[in-house]
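Residue 455 is where the sequence shown starts when you use this note's numbering, and the numbers rise one by one after that. Note that the Cβ used here is the ideal one computed from N, Cα and C, for glycine as well.
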Amino acid sequence: MLHSFKKSALLGVLLALAVAPAAVPGAADAKDILLTGVKPDKIVMVDVKAREVIKTLEIPNAAPGNLTITPSPDGKIAYTIVNRWESVSGIDLDSGKEVFRADFSSGKTRVKAMFAMDISPDGKELFVFQSPVKLGLGEYEVQDTRVAVYNTADGIGAKPVRLMPAPRRTAVMSLSKDGKKLYLLNWDLTVMDPMTGAVVDVHKVRNWGRANFGEPDILDVWPQWETAGVFSTPYYVVRTDKSPDDPAAYKTGLLTLDLETDEFKMDGFEDTAVVIFSSVINPVRRNEAYMVYTTLSKVDMSKPLAERLVKRINLDHTYYAVNVSSDGTEIYVGGTMDDIAVYSTADLSRIGTIKMPDGGDQALSSLRLIQR
Numbered sequence: 455m456l457h458s459f460k461k462s463a464l465l466g467v468l469l470a471l472a473v474a475p476a477a478v479p480g481a482a483d484a485k486d487i488l489l490t491g492v493k494p495d496k497i498v499m500v501d502v503k504a505r506e507v508i509k510t511l512e513i514p515n516a517a518p519g520n521l522t523i524t525p526s527p528d529g530k531i532a533y534t535i536v537n538r539w540e541s542v543s544g545i546d547l548d549s550g551k552e553v554f555r556a557d558f559s560s561g562k563t564r565v566k567a568m569f570a571m572d573i574s575p576d577g578k579e580l581f582v583f584q585s586p587v588k589l590g591l592g593e594y595e596v597q598d599t600r601v602a603v604y605n606t607a608d609g610i611g612a613k614p615v616r617l618m619p620a621p622r623r624t625a626v627m628s629l630s631k632d633g634k635k636l637y638l639l640n641w642d643l644t645v646m647d648p649m650t651g652a653v654v655d656v657h658k659v660r661n662w663g664r665a666n667f668g669e670p671d672i673l674d675v676w677p678q679w680e681t682a683g684v685f686s687t688p689y690y691v692v693r694t695d696k697s698p699d700d701p702a703a704y705k706t707g708l709l710t711l712d713l714e715t716d717e718f719k720m721d722g723f724e725d726t727a728v729v730i731f732s733s734v735i736n737p738v739r740r741n742e743a744y745m746v747y748t749t750l751s752k753v754d755m756s757k758p759l760a761e762r763l764v765k766r767i768n769l770d771h772t773y774y775a776v777n778v779s780s781d782g783t784e785i786y787v788g789g790t791m792d793d794i795a796v797y798s799t800a801d802l803s804r805i806g807t808i809k810m811p812d813g814g815d816q817a818l819s820s821l822r823l824i825q826r
């Protein structure tokens, strides 16, 4: 009888294992992997906790380099703007093979992708902001800017399944967590229906209309919201009620957009002291932001205005892009030259450096985090 019980118990365990779900990206045992690009034609995968490059993948016909990188939601494919900004290539991160390719230009129409790109939460559609021109004998005829939507399953030679008019100057584009809203950062933050292209809302940026303030200015082309689910970017603005020679007339602030709730904020944190290119939100302490260019800044937006800049350090060279670990403990700065520098979110102490293979230049590439 005891022998029969043991056999039944063993059978139960085997059945449980047979129906247990397989490990998926984002599971407890998954690692943080950074994706970056190096010129002229490489995607580099970095195990950030191990401080090492684990794989370098070649992109066909990519020169002079890749631009925006958009990972698929399952972390298996990296889509990147390449070929003088006239193509998107999708590279399988396991096999290294090109599994998706969309070439934009044809005949007398030249089409450039101007940084902004994102993928639907189910991974089925890729959204690319495009700027087309018609080529004349001695001139370019500028066409209306647009968002081209591709089915990722169409693979090599993919053509747009939808073309939707979009505001000129769009530099960053992201989808809401549920995929029902498409956000386009231009002079304002336009909210579109991703199926029809209809404008359903506008979060005002340049046209915010605040008393005693001019029009805010933003320079940002770096998508780095995946860990916190919050898009953020620094902005600059001038107070119109102060003298132009008064340092207090010039303000720096942080724009945030929660991609799950649509909550939109623009709040200042200091009199302008340095130039900042891009920012990222801590996924654990979502009041904290980290910002980068020639300096690395830590900001706590929950504090009173005068206390929001927590710390700032000088960097050894310029960095354009910044990201943060999924556990909120490490900051990664890159997007230029041949290294990714690692800093502690606690005190901004430098705790690591990861060199690119063969001194590869990352300039203008995204710095994206996936889990595998």
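Supposed close pair residue i, residue j - CB separation, criterion 8 Å
i: F667; j: R693; result: 6 Å
i: S543; j: A567; result: With 8 Å as the limit, S543 and A567 do not qualify as a contact, their Cβ atoms being about 11 Å apart.
i: L673; j: P648; result: Actually they are not in contact, since the Cβ atoms of L673 and P648 sit about 26 Å apart, beyond 8 Å.
i: D572; j: P677; result: 7 Å
i: L639; j: A625; result: 6 Å
i: I785; j: V778; result: 6 Å
i: G550; j: R826; result: Between R826 and G550 the Cβ distance is about 14 Å, and since that is not below 8 Å, they are no contact.
i: R564; j: V587; result: 5 Å
i: V776; j: M810; result: The pair is not a contact, with the Cβ atoms about 17 Å apart (cut-off 8 Å).
i: A558; j: A612; result: First, the amino acid is wrong: residue 558 is Phe here, not Ala. No, F558 and A612 are not in contact; Cβ-Cβ is about 11 Å, not under 8 Å.
i: V498; j: T510; result: 5 Å
i: A415; j: S541; result: The first residue shown for the chain is 455 and the last is 826, placing residue 415 beyond what the model contains.
i: I794; j: T490; result: 7 Å
Residue j beta carbon less than 7 Å from that of residue i
i: T749; j: T772; result: no
i: V675; j: F569; result: yes
i: T807; j: T783; result: no
i: D546; j: I531; result: yes
i: L769; j: L488; result: no
i: G577; j: P527; result: yes
i: E552; j: P494; result: no
i: V764; j: Y747; result: no
i: V684; j: T710; result: yes
i: V500; j: V507; result: yes
i: L708; j: A760; result: no
i: L580; j: Y637; result: no
i: V656; j: D642; result: yes
i: K634; j: E714; result: no
i: D486; j: S803; result: no
Counterpart residues of residue i in DSSP-defined beta bridges
i: V692; result: Y704
i: Y797; result: I785, R804
i: N605; result: E579
i: Q825; result: D486
i: Y594; result: L589
Take every Cβ of the segment 735-755, pair it with every Cβ of the segment 694-702, and state whether three or more of those distances are shorter than 8 Å. At 8 Å Cβ cutoff, the stretches do not touch.
Would you check if there are 3 or more beta carbon pairs closer than 8 Å linking the segment 613-623 to the segment 595-602? Result yes; three or more Cβ-Cβ pairs closer than 8 Å.
Across the segment 678-690 and the segment 707-723, are there enough close Cβ pairs to call them in contact, namely three or more that are closer than 8 Å? In this structure the segment 678-690 touches the segment 707-723; the number of beta carbon pairs closer than 8 Å is three or more.
Inside the segment 506-563 only - beta strand (DSSP E) runs reaching at least 3 residues: Qualifying beta strand (DSSP E) stretches, in chain order: 506-512, 523-525, 531-536, 541-546, 552-557.
Let me know the beta strand (DSSP E) ranges lying completely inside the segment 715-761, each 3 residues or longer, listed in chain order. DSSP assignment within the segment 715-761 yields the following whole beta strand (DSSP E) runs of 3 residues or more, N-terminal first: 718-725, 730-735, 742-747, 749-754.
Would you say the segment 777-789 touches the segment 808-821, given that touching needs at least three Cβ pairs under 8 Å? Between the segment 777-789 and the segment 808-821, the count of C-beta pairs closer than 8 Å reaches three or more; the two stretches touch.
Can you list the beta strand (DSSP E) stretches of 3 or more residues lying completely in the segment 600-651, in chain order? Along the length of the segment 600-651, whole beta strand (DSSP E) runs at least 3 residues long occupy 600-605, 616-619, 626-629, 636-639, 643-646, reported in chain order.
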